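There are 2 protein chains.
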Amino acid sequence: MAKAPTKRDEILDTAERMIRTMGYNGFSTRGIAKVVGIKAASVHYYFPTKSDIGVAVTERYTERFLERLGDPTAFEGAHKKAIEHYVDAFRDALVQDGNVCLCAVLGAETGGLPTEVGGHARIFFERNLAWLKKALAASSRVSAKEAQAQAIHILAAVEGAMILSTSLGNDTVFNSVAGSLAQIADD
Amino acid sequence: MAKAPTKRDEILDTAERMIRTMGYNGFSTRGIAKVVGIKAASVHYYFPTKSDIGVAVTERYTERFLERLGDPTAFEGAHKKAIEHYVDAFRDALVQDGNVCLCAVLGAETGGLPTEVGGHARIFFERNLAWLKKALAASSRVSAKEAQAQAIHILAAVEGAMILSTSLGNDTVFNSVAGSLAQIADD
DNA sequence: GCGCACCTACCTAGTGTTAGGTAGATACGG
DNA sequence: CCGTATCTACCTAACACTAGGTAGGTGCGC
Numbered sequence: 013m014a015k016a017p018t019k020r021d022e023i024l025d026t027a028e029r030m031i032r033t034m035g036y037n038g039f040s041t042r043g044i045a046k047v048v049g050i051k052a053a054s055v056h057y058y059f060p061t062k063s064d065i066g067v068a069v070t071e072r073y074t075e076r077f078l079e080r081l082g083d084p085t086a087f088e089g090a091h092k093k094a095i096e097h098y099v100d101a102f103r104d105a106l107v108q109d110g111n112v113c114l115c116a117v118l119g120a121e122t123g124g125l126p127t128e129v130g131g132h133a134r135i136f137f138e139r140n141l142a143w144l145k146k147a148l149a150a151s152s153r154v155s156a157k158e159a160q161a162q163a164i165h166i167l168a169a170v171e172g173a174m175i176l177s178t179s180l181g182n183d184t185v186f187n188s189v190a191g192s193l194a195q196i197a198d199d
Numbered sequence: 013m014a015k016a017p018t019k020r021d022e023i024l025d026t027a028e029r030m031i032r033t034m035g036y037n038g039f040s041t042r043g044i045a046k047v048v049g050i051k052a053a054s055v056h057y058y059f060p061t062k063s064d065i066g067v068a069v070t071e072r073y074t075e076r077f078l079e080r081l082g083d084p085t086a087f088e089g090a091h092k093k094a095i096e097h098y099v100d101a102f103r104d105a106l107v108q109d110g111n112v113c114l115c116a117v118l119g120a121e122t123g124g125l126p127t128e129v130g131g132h133a134r135i136f137f138e139r140n141l142a143w144l145k146k147a148l149a150a151s152s153r154v155s156a157k158e159a160q161a162q163a164i165h166i167l168a169a170v171e172g173a174m175i176l177s178t179s180l181g182n183d184t185v186f187n188s189v190a191g192s193l194a195q196i197a198d199d
């Protein structure tokens with residue numbers, strides 16, 4: 013049977029959902045506590061400070077996302093497949109969770125973040141670019157330099173598409189961008 | 013000579029800068045007051061509520077941005093020029109102001125915004141898509157449908173690129189995306 | 001002496017965070 | 001197998017502070 017989520021997990025789940033809809037400065041320990049059914053002070057039993065929550069959420073999000081991406085070298089000669097696989101991971105995040113990518117939100121408000129939280133958002137982007145670069149290099153004939161440029165382009169477009177989608181309240185926007193990105197492929 | 017900015021303008025300037033670095037929930041009337049050299053209560057003399065500031069900032073930002081874009085039909089047969097001109101407008105916003113696009117930030121935290129503010133961010137995106145669609149249709153042989161898809165793609169990529177740039181602390185990221193977008197052109 | 005552009009002084013509600021406490025489970029020495 | 005100790009998972013109460021917002025006053029240029 014599915015193990016019941018611990019209170020710690022529930023805090024992380026709630027915090028992630030809240031950050032992804034309202035931003036880091038849009039959630040409070042009391043807000044989380046109310047949802048989880050606990051007192052605000054008890055949240056600090058699990059996470060000493062608010063930024064500890066931010067860091068934990070971001071780390072878990074990054075780990076899960078890269079796990080979901082899998083092996084970047086698994087797309088030998090299938091450039092388009094690689095791009096589609098990558099974009100699908102974000103589509104899941106947007107459609108299943110109904111929210112923008114956590115790090116799109118954090119990245120947008122970088123200047124208002126505790127430095128450690130901003131740093132972990134940055135790590136998400138760096139690891140994503142590394143994954144993409146590897147996947148693109150393994151699946152197509154592009155040069156390393158081109159792979160780098162394509163990686164940045166794809167990541168930027170996908171993150172922007174999620175923001176546009178939610179602001180316009182229109183999920184087709186994301187799919188439109190997904191279609192355009194697939195056309196980058198050389199196969 | 014350059015007319016001295018009014019206190020009202022200074023409030024708007026400061027609010028814009030703060031929102032663009034820290035998000036809507038990352039600035040306060042007290043914070044603005046301190047920068048402008050005024051008491052917090054006096055901010056309410058110009059703008060009754062905080063969301064009035066948000067709306068005014070967003071409206072002014074949108075108006076200025078579209079003015080800077082100019083006439084979308086001015087790029088007859090110069091597809092690439094049209095795209096470059098559009099991307100340059102955002103580069104100015106990023107490099108000159110040193111900040112992400114206001115509406116990228118607002119769009120990212122849509123769920124934590126007063127509805128009127130979120131609505132005005134949305135208007136920014138809608139008017140940008142309309143401008144782009146017109147510019148692309150006038151400058152290239154693409155169908156209306158393709159122009160729409162390209163418009164969404166370009167806007168998403170540019171907004172995402174700005175977020176990536178600030179989060180990674182690396183301005184070359186934006187220029188890389190700019191280069192990739194120029195390649196969309198059919199001339 | 002009217003009204004614009006500000007002020008002082010205050011309010012209520014919420015913020016993150018801490019101190020100190022407690023009921024119940026677990027570990028262990030005699 | 002019993003009592004003492006320690007740990008877990010919370011709690012209440014309060015801290016110092018900031019949030020947005022308001023009522024009413026003051027100075028000053030016209």
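Chains Y and Z, in that order, give the protein sequences. Reading the first sequence from the start, the letters are residues 13 to 199 in our numbering. Reading the second sequence from the start, the letters are residues 13 to 199 in our numbering. Every residue gets a Cβ at the ideal spot worked out from N, C-alpha and C, and that includes glycine. Model, not experiment: these values are computed from the prediction.
Could you work out which residues of chain Y lie near residue i, taking near to mean beta carbons separated by less than 9 angstroms?
i: residue 161 of chain Z; result: 188, 189, 191, 192
Counting contacts by CB-CB distance shorter than 9 angstroms, is residue i in contact with chain Y?
i: residue 128 of chain Z; result: no
i: residue 91 of chain Z; result: no
Using a Cβ cut-off of 7 angstroms, pull out every chain Z residue sitting near residue i, in sequence order please.
i: residue 134 of chain Y; result: 179, 180
i: residue 65 of chain Y; result: Within 7 angstroms Cβ-Cβ: nothing; residue 65 of chain Y doesn't reach chain Z, min ~16 angstroms.
Can you list the residues of chain Y that residue i reaches, using a CB-CB cut of under 7 angstroms?
i: residue 175 of chain Z; result: 116, 119, 120, 171
i: residue 82 of chain Z; result: What residue 82 of chain Z touches in chain Y: nothing, since even the nearest Cβ is about 23 angstroms away.
Any idea what DSSP makes of residue i, helix, strand or coil?
i: residue 166 of chain Z; result: helix
i: residue 22 of chain Z; result: helix
i: residue 51 of chain Z; result: coil
i: residue 152 of chain Y; result: coil
i: residue 121 of chain Z; result: coil
i: residue 179 of chain Y; result: helix
i: residue 140 of chain Z; result: helix
i: residue 191 of chain Z; result: helix
i: residue 186 of chain Z; result: helix
i: residue 89 of chain Z; result: coil
i: residue 40 of chain Y; result: coil
i: residue 61 of chain Z; result: coil
i: residue 161 of chain Y; result: helix
i: residue 135 of chain Z; result: helix
i: residue 100 of chain Z; result: helix
i: residue 105 of chain Y; result: helix
i: residue 115 of chain Z; result: helix
i: residue 68 of chain Y; result: helix
i: residue 197 of chain Y; result: coil
i: residue 172 of chain Z; result: helix
i: residue 130 of chain Z; result: helix
Looking only at its own chain, which residues have a Cβ that is under 6 angstroms from the Cβ of residue i, when we skip the five neighbours before and after it?
i: residue 84 of chain Z; result: 143, 146, 147
i: residue 29 of chain Y; result: none
i: residue 199 of chain Z; result: 91, 92
i: residue 140 of chain Y; result: 167
I'd like to know whether the C-beta of residue i is nearer than 9 angstroms to at least one C-beta of chain Z.
i: residue 71 of chain Y; result: no
i: residue 35 of chain Y; result: yes
i: residue 107 of chain Y; result: no
i: residue 153 of chain Y; result: no
i: residue 14 of chain Y; result: Confidence is the limiting factor: at residue 14 of chain Y the pLDDT is only 47, short of 50, which leaves the residue's position unreliable and the question unanswerable from this model.
i: residue 32 of chain Y; result: yes
i: residue 112 of chain Y; result: yes
i: residue 38 of chain Y; result: yes
i: residue 49 of chain Y; result: no
i: residue 24 of chain Y; result: no
Cβ closer than 8 angstroms: which chain Y residues qualify as neighbours of residue i?
i: residue 167 of chain Z; result: 172, 176
Interface residues of chain Z around residue i at Cβ under 8 angstroms?
i: residue 164 of chain Y; result: 173, 176, 185, 188, 189, 192
i: residue 137 of chain Y; result: 176, 179, 180
Take residue i and list the residues in its own chain whose beta-carbon comes closer than 7 angstroms to its own, dropping the five residues that flank it on each side.
i: residue 173 of chain Z; result: 185, 186, 189
i: residue 68 of chain Z; result: 24, 59
i: residue 196 of chain Y; result: 95, 162
i: residue 175 of chain Z; result: 112, 116
i: residue 33 of chain Z; result: 111
i: residue 39 of chain Z; result: 27, 30, 31
Using a Cβ-Cβ cutoff of less than 8 angstroms, which residues in the same chain neighbour residue i once the five nearest sequence positions on both sides are dropped?
i: residue 51 of chain Z; result: 45
i: residue 104 of chain Z; result: 80
i: residue 194 of chain Z; result: 92, 95, 96, 99
i: residue 129 of chain Y; result: 36, 63, 66, 67, 70, 118
i: residue 17 of chain Z; result: 25
i: residue 56 of chain Y; result: 41
i: residue 183 of chain Y; result: 106, 107, 177
i: residue 13 of chain Y; result: Its pLDDT being 40, under 50, residue 13 of chain Y is placed unreliably by the model, and the measurement read from it follows with that caveat. The answer is none, since no qualifying residue turns up.
Below 9 angstroms on C-beta distance, what does residue i contact in chain Z?
i: residue 124 of chain Y; result: 30, 33, 34, 35, 37, 38, 39
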